[in-house]
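Following: one structure in structure tokens, then a few remarks.
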Amino acid sequence: MMRIGHGYDIHRLEEDNNITKQYIILGGVQIPYERGIVAHSDGDVVIHAICDALLGACGLGDIGQHFPDTDPKYKNHDSREFLRLILQKVLAQGYVIGNVDVSIIAQAPKLAPHILLMRENLALDLQTSVNNVNVKATTHERLDAVGQKLGIAVHAVALLVKS
Ligand code: MG
1 MMRIGHGYDI HRLEEDNNIT KQYIILGGVQ IPYERGIVAH SDGDVVIHAI CDALLGACGL
61 GDIGQHFPDT DPKYKNHDSR EFLRLILQKV LAQGYVIGNV DVSIIAQAPK LAPHILLMRE
121 NLALDLQTSV NNVNVKATTH ERLDAVGQKL GIAVHAVALL VKS
């Protein structure tokens, strides 16, 4: 009656040399930042971790198998589209979202002002209520690469229930 899945993703942050962006996208929210996320798609590491949690819960492998980062079709791709497509696979298996819980590990920028909008975006794409989508953010206490602002990492857990 229930399925659970875990997802993890990390992306590098680089100062804006060849990256022309002065923002990052997390949970579908564009957040101003002096570094850009290095990625083939739009680099929405929050959504990538949630996609993997959903695929894990369904026993369907991982996001790279469904949307290869070598495919030019996915260059700068809106990750929310990945999430909506994966939700269709969840629904096709006869499940709906029970709840999703996300932990973002980022030394900077400050994410608190953006959390509610992320939850609203994610709930919309997952066809569930905001109450079922929790997003937390923590720093890495300046430890290791994430703590030195070289990357952003995300863990996600998803619970699916039979529809
Ligand atoms: Mg990724």
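Note that the numbering used here has the sequence shown beginning at 1, numbered continuously upward. C-beta: ideal position from N, C-alpha, C; glycine also.
State yes or no: is the C-beta of L164 within less than 8 angstroms of the C-beta of L126? With the chain covering 1 to 163 only, the question about residue 164 has no answer from this structure.
Write down every uninterrupted run of the alpha helix (DSSP H) in the region 101-131 whose length is 4 residues or greater and which is fully enclosed by it, in chain order. 115-125
Which residues in the same chain as A158 place their Cβ atom closer than 6 angstroms to its Cβ, once the five residues preceding and following it in sequence are excluded? G5, A53, L54, A57, V100
At a threshold of 7 angstroms, does A39 count as lining the ligand MG (C-beta to nearest heavy atom)? yes
Give a single yes or no on whether D71 has its beta carbon closer than 7 angstroms to a heavy atom of the ligand MG. no
Residue closest to V46, alpha-carbon to alpha-carbon, out of Y8, Q65, T138: Y8
Do G28 and M118 have their C-beta atoms within less than 8 angstroms of each other? yes
Can you tell me whether L60 is helix, strand or coil according to DSSP? coil
Which listed residue (M1, R12, M2) has its alpha carbon closest to that of A153: R12
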